[in-house]
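So the structure is just underneath, and the comments pick up after that.
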Amino acid sequence: MAGLADKAKDFLNSDKGETVSDQGLEKAGDFADQRTGGTHDAQIDKGRDLLDGKIGDQ
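Here this note's numbering is used: the first residue of the sequence shown is 104, the next is one more, and so on.
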């Protein structure tokens with residue numbers, strides 16, 4: 104199981120993984136904006152940016 108975690112980490116640290124994670128975070132942020140009617144846009148963007156800094160290219 105540790106090998107799978109290492110593969111996932113390696114993927115997320117690649118250029119392709121960074122692109123995929125950015126797309127996923129963008130979609131999640133858009134979904135949250137839609138569900139809240141845009142009333143928490145700034146907080147959602149802040150959370151998305153925080154996650155983006157922790158996931159992907161290090």
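Think of the CB as a built atom: it goes at the ideal place given N, C-alpha and C, for glycine as much as any other residue.
> Excluding the five sequence neighbours on either side, which residues of its own chain have a C-beta within less than 8 Å of the C-beta of I147, listed in chain order?
Replying inline: As a working mapping, residue 147 is identified with position 44 in the sequence shown. Only G132, A135, D136, T139 meet the Cβ criterion.
> With respect to the alpha helix (DSSP H) encompassing S124, which residues constitute its N-terminal and C-terminal limits?
Replying inline: On the sequence shown, residue 124 is found 21 positions in, with the first residue counted as 1. Following the DSSP letters along the chain, one finds S124 inside the alpha helix (DSSP H) bounded by residues 118-139.
If you drop the 5 nearest sequence neighbours on each side, which residues of the same chain put their C-beta closer than 8 Å to that of R151? Taking the first residue of the sequence shown as 1, we reach residue 151 at position 48. Same-chain partners within the cutoff: L128, E129, A131, G132.
request  = Verify whether the separation of the beta carbon atoms of D155 and D125 is less than 8 Å.
outcome  = Counting from one through the sequence shown, the residue named residue 155 turns up at place 52. Counting from one through the sequence shown, the residue named residue 125 turns up at place 22. Going by C-beta atoms, D155 is nearer than 8 Å to D125.
query: Quick one: Cα of L153 to Cα of M104, how far?
result: By 1-based counting over the sequence shown, the position of residue 153 is 50. By 1-based counting over the sequence shown, the position of residue 104 is 1. Each residue's Cα considered, the two are about 27 Å apart.
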